[in-house]
Structures are given as structure tokens and as C-alpha cells.
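A quick write-up on the structure given underneath.
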Amino acid sequence: MGENKKKRSRFNPNSLWTLPSAGLLLCLTIAPLIMLLIFSFMNRNIFAGQVWPGWTMENITRMIGSGTFWKLLGKSLFVGLGVTAICIVVAYPSAWAIAKVVKPRYRSVFMMVVILPFFTSQLLLIYAMMNLIQSGGILTTALSALHINVKSILYTNGATVLILVYEYLPYMILCLYSSLEGINDNIVHASLILGANKAKTFANIVFPMSVPGLLSGILLVFVPVVGSFVEPGLVGGSNGMMVGSIINSQYKENLNMGYGAVLSCVLLIVLCLIMALISFATKHAQKRIGGDV
Amino acid sequence: MSRRFNRTMMVCLWIVLAFMYIPIIAIIGMSFNGTPYGMFPYTFTTTWYSTLFSTSNLPAACWLSLKFSFLVALAALLIGTLTSFGLQYYSPKLARKLNFLLQLPIIIPWLVTSISILLLATFVGAGRSYVTMFLGNLIVVLPYVVLLVNARFLEMDRTPEAAAKLLGASSARVFWDVTLPGILPGVMAGGIMSLIVCFNNFCLQYYLAPVGVNTLPMTVFTRIRSGYQADLNALSAIIILIAVIIVILFSRMGYSAGSLFGMSSGKKAGKGE
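Protein chains in written order, with our numbering: chain A, -16 to 276; chain B, 18 to 290.
Okay, structure coming up:
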């Protein structure tokens, strides 16, 4: 409250310009989340035009008892962690190359090339990749010309992971790049000259200084990957379901919106917990190493 | 770093770029291929392009998406710019908190956002409609505008504004003649970014579009599910071409791509004050 008073003493009327978006935020983010929570306790489907539904705990008990849901949630988290890890490992060298190796005047050209896929539709990217890896497509034809016979991975979980990596890699490269670019070359040189090897230099200098970019990269990749339902549905085949697919089917096929609301709530809570954990762990690691960013 | 190390890094970069671009180049190639299903032998043809513009339902969906995203982007641009402007007059601590709240729509998975907005809309009685779809897409793209304009405010020299005020200009005049020209690149970038995110946002439109209305992402989704589509290749090629043009325009505006993404710029905006 004390802070409130201090604020009023130098209140500027210009700050009122934030009101429209604060209103939108309240009506379109906060209020819907509250609805999600409320609908978790409702037993009917208002989409079907039924009268005001009653209260129930049935959705919650069904969710807790549902083996499929927990299995798929586990699988989605696993896929999310896997895809994020692959993205980090692949993106670090590329981001380093653009930030430190490429001549400064070509840097923006490379960055343009990296963000270009982001500007085309994600569905088109999925479609392009599907075409490439389908059986009888370019990849299998080229491989069979070399007398290597492989089965197409399309319609397997592997295809889902491949396409998710393909879609989200640019985000990770961009985030890491923006952090790596800010590292002063002299610090890296100093560390190497003073006798630290590359691994040590990476752990003590480069990594701590890239943590802000890494964190936003993880956020931008992990969350949408865990919540994805389009990719598993299109390329995952019959065993490809993820937690997003089961939530989606509650609305598009089963029309069981109360149950879908519960599942969404749980997904959101789990994601928040994991993100908080990752953010805490990374910041802790950063502090212990002694990086001050 | 040693030369060999740097060369290894460059090789990694090229491999990644190849991974990113082979599917895209393949689809452009296939859009001129007479043999259907993306298979061989390869015969050159432009039939799919004429199909696209005569019998296909893709251009209509594309046009609808374009009009719709333009409206959303325009609204996001107006509200977002004002928000970022207002944020500059908050105490740094409060600004950081509001910034975080504004980024919530990016952090929450789109699936959950769509479902929760659909529930609210059904509850209020609006259901699936153009208004619902508009509002849903608006709240999702708004953070991008705020982030980009915030970053611009951070780089900008604010003293001319004080000078203009001191010399007797009204606040509206100061904003229009001094502030706005300074943040214009950020505003434009935010607008383009919103346009693109909204144009491509399948999830929200899938849940919130009025029944029977198909935007481009929804049409593409249905088409992919039903199998290979040659006119889709042609459309992909055209969209990629447009994307190339937009990206070049974007960099001409002086926008480094890194500043587009990342909460880091938002954090800096809080710290810098």
C-alpha cells in the first residue's frame, strides 16, 4: 500500500493509455481462465443447447482415474523436453556461428534466412516436411536410388518429433542469437588466453551470459510443443496422440466440455510448475557460476 | 576461438539451414511437377498454378484470411502502441509486472486460450462468431506489438519530447509530431508481426471461427488431412515468395530479427528505466 501512495504522488495521466489493453487482458485472458476453472465443475454440455448445467465433481474424479490422460500427459512432457533439448543442442552452434563467426555485415542476411520459415504458415511447413518424408517422396526415392531401402517415418511418433523440431528451431536460434551477440569477444579471448579450455569457457562465460535468451527460447519452444495437437494429429499416425489431442477431441468429437476444461486446467498448471522450475534452476545455476547478467 | 572451432560452427549452421530449406525448396520444385503426389518422374508444368486461380477454393480462403488479419493487426497496432506509450509513465516495478501480465497470452498454449475463450463466448451467448474470432486473435497478437514498441522506446531519446512540451506544444501534438515518428519503426514492425501471426494462427480460428467459415489455415488443414494437393504446392510457393518480400522489407526498416522474439527485450524494458 505504501508503494501505492508513492505512485500517486507522481501519477502521470499518460499512464491511463494502458487501460484498453488492461481491459482486454481482463476480459480475454483472466476471465476465460476463470471460466475454465468454473466449467471444470459442470456436468453438462452447453454447446448442445442444454439448460444451465449443474455442479459436479465427476470430471475431477474421472480425470484422476483416467490412465490415458496421465499417460499422454507424461508422453507430451517427454516429447516437449526432447524437442526442446534437440533444439538447444542444434541451435547453439548455429547461433554462435551467426553471432560470432559470420562477418558483421552478413549477420542480418543470415538472420533473415533463419526467420523466413517463421513468416510462412506453420501448416505449410508441416505440409512441406510431410511431402519430403512420405513414402515414394523425394527422400525415400533418393535413398532407394542409392540402394538404401528405408521405410518412411511418416505417421510415427518420430515424424511428430521431427516436424516439431523443424517448426520451432528458428525460435531457439533467434533467442540464443540475441543473447550470444551481446557477449564481448574480449572476455571469451581472455578466458582462453588465461588457460581455460573451451568447455570451461563455455560453462563459465558463454552459458551464463546466454541464460536470458535460453530461457525465452525454452519458453517459446517447450510450451507450444507440449500443447500441440495439430502435428500429432496430422503426422503421428494411430499411436501419435498427445495430451493436446485428447483435449481437442473433448471439444471436436466427444463434446464433453466439462471434462475438457479439467484437462486444460491440469495441463496449464503442470506447464506453469515446470516453467517456474526451469526458470528457478537456470537462474540458480547462473548465480552459482558467478555470471552477472 | 580457434579457426578450426569456428569452421565447425559454420558447418553446423549450414547443415541447419539445409534442414530448414530442403522441404521448402522441394515444395517449390513440386509445384511445377506434372506427376501428382510429389513423386517421380519429374515433368515440368504450370497446370497447378492455373488450377489454383480457376477452380481451387484456396484463393477465396486466402483473401478472407488476409482481410481478417489486416483488421486484427490494425486494432492490435493501435491498442498496443497506446499501451506501450502508457507503460513508459509507470514506475519501473509496476511496468515490469504489467509487462509480464501482457505476455500471458504468449505463454499460455494457444489450445488452452482458444478453449477458454470459446467457453466464455458460449457463456456470454456470443458463441462462435466473427467477433469472438477477432477478439481471440487480437489478445494473442497484442503482446508482440507491445514488446516491439517497448524496445523502440528503450532506444529512443526522450528529451525532444520534454523540449516540445516546454516550448508549449499540447500533449496530443507532442505525441503526433515527436513521439510517434520516433517509435514508428517499432509500430510498423508490430503491425506486420501481428498480421503474420494472425494470418497463420490455425488453433484460434479452428475454435472460434463461425460455423461454416473457413480461413486459410483451416482450409489448408482440411486439405492436408485429405491427402496430397497439387494446388496447395502452388499456393505454398506463392506464400513463400511473399514471405521473402516481407522479410526483406522488415530488415530494410532497420529491424534486427533478434529483437522480435524473446521476453529478454521485455525484461530489458523493465530494467532500463
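We treat Cβ as the ideally placed atom computed from N, Cα and C, and that holds for glycine.
This one's a predicted model, so the numbers in the text were calculated from it and none came from an experiment.
Is there a Cβ from chain A that is less than 8 Å from the Cβ of Ile255 (chain B)?
Not one chain A Cβ lies under 8 Å of Ile255 (chain B).
Could you tell me the alpha carbon to alpha carbon distance between Leu16 (chain A) and Phe22 (chain A), rounded to whole angstroms?
A straight-line Cα-Cα distance of about 10 Å links Leu16 (chain A) and Phe22 (chain A).
What does Phe102 (chain A) touch in chain B if you count any residue whose Cβ is under 7 Å from its own?
Those within 7 Å of Phe102 (chain A) in chain B are Ile213, Ala260, Ile263, Val264.
Under 8 Å, Cβ to Cβ, is there at least one residue of chain B near Gly227 (chain A)?
By this cut-off, Gly227 (chain A) is an interface position.
Check the Cβ of Tyr107 (chain B) against every Cβ in chain A and list those closer than 7 Å, keeping chain order.
Neighbourhood of Tyr107 (chain B) in chain A, by CB distance below 7 Å: Ser(-2), in chain order.
Under a CB-based cut-off of 8 Å, is Gln269 (chain A) close to chain B?
By the rule that beta-carbons nearer than 8 Å mark a contact, Gln269 (chain A) does not touch chain B.
My assumption, with CB atoms under 8 Å, is that Met46 (chain A) sits in contact with Val245 (chain A). Please give the rounded CB distance.
Going by Cβ atoms, the distance from Met46 (chain A) to Val245 (chain A) rounds to 5 Å, so yes, they are a contact pair.
Please state the DSSP three-state secondary structure of Phe61 (chain B).
Correct three-state label for Phe61 (chain B): strand.
Enumerate in chain order the residues of its own chain whose CB-to-CB distance from Met225 (chain A) is below 7 Å, with the five nearest sequence positions on each side excluded.
Within the same chain, Leu55, Lys58, Ser59, Val62, Ser211, Phe212, Pro215 come within 7 Å of Met225 (chain A) by CB-CB distance, once the 5 residues on both sides are set aside.
Tell whether a beta-carbon distance below 8 Å holds between Leu19 (chain A) and Ser247 (chain A).
In contact: Leu19 (chain A) and Ser247 (chain A) (Cβ atoms closer than 8 Å).
Determine, using beta carbons only, whether Ile241 (chain B) comes closer than 8 Å to chain A.
For Ile241 (chain B), the answer is yes, since a Cβ of chain A falls inside 8 Å of its Cβ.
By the criterion of Cβ-Cβ separation under 8 Å, what are the contact partners of Pro40 (chain B) in chain A?
Within chain A, the residues placing a beta-carbon under 8 Å from that of Pro40 (chain B) are Leu108, Ala111, Met112, Asn114, Leu115, Tyr149, ordered along the chain.
Chain B beta carbons: is any one of them nearer than 8 Å to that of Val204 (chain A)?
No, because no Cβ of chain B sits closer than 8 Å to the Cβ of Val204 (chain A).
Mind listing the chain A neighbours of Asn23 (chain B)? Cutoff is C-beta to C-beta under 7 Å, in chain order.
Chain A residues near Asn23 (chain B): Val84.
Which listed residue (B:Arg113, B:Val141, B:Ala93, B:Gly203) has its alpha carbon closest to that of Val157 (chain B)
For Val157 (chain B), the closest alpha carbon among the candidates B:Arg113, B:Val141, B:Ala93, B:Gly203 is that of B:Ala93.
Counting contacts by CB-CB distance shorter than 8 Å, is Ala90 (chain B) in contact with chain A?
Ala90 (chain B) does not count as touching chain A.
Helix, strand or coil: which one does DSSP assign to Asn231 (chain A)?
DSSP places Asn231 (chain A) in helix when its eight states are reduced to three.
Under 8 Å by Cβ, that's how I've got Ala43 (chain B) and Asn114 (chain A) pegged, so tell me the actual separation to the nearest angstrom.
Yes, they are in contact, since the Cβ atoms of Ala43 (chain B) and Asn114 (chain A) sit about 6 Å apart, within 8 Å.
N-terminal and C-terminal residue of the alpha helix (DSSP H) that Val213 (chain A) is part of:
Note, Val213 (chain A): alpha helix (DSSP H), 213 to 218.
Quick one: what's got a C-beta closer than 7 Å to Tyr224 (chain B)'s C-beta in the same chain, skipping five residues either side?
Excluding positions up to five away in sequence, the list reads Ser131, Ile132, Leu135.
For Ser247 (chain A), go through chain B and note every residue whose CB falls closer than 9 Å to its CB, in chain order.
Residues of chain B passing the Cβ test: Pro126, Leu128, Val129, Ile132, Ser133.
Does the structure place the stretch 226 to 246 of chain B close enough to the stretch 140 to 150 of chain B that three or more beta carbon pairs sit under 8 Å?
Contact between the stretch 140 to 150 of chain B and the stretch 226 to 246 of chain B is present: three or more C-beta pairs spanning the two stretches fall below 8 Å.
Give me the DSSP bridge partner(s) of Trp38 (chain A).
Bridge partners of Trp38 (chain A): A:Met25.
If I'm right that Ser104 (chain A) touches Val237 (chain B) with Cβ under 8 Å, what's the distance once you round it to whole angstroms?
Correct: roughly 7 Å between the Cβ atoms.
List the whole-angstrom C-beta distance separating Ser243 (chain B) from Ala90 (chain B), where the pair is believed to meet the contact cut-off of C-beta under 8 Å.
So it is not a contact: roughly 30 Å between Cβ atoms.
Determine the burial state of Phe263 (chain A): buried for a count of at least 16 other Cβ atoms within 10 Å of its Cβ, exposed for fewer.
Exposed, because fewer than 16 other Cβ atoms sit within 10 Å of the Cβ of Phe263 (chain A).
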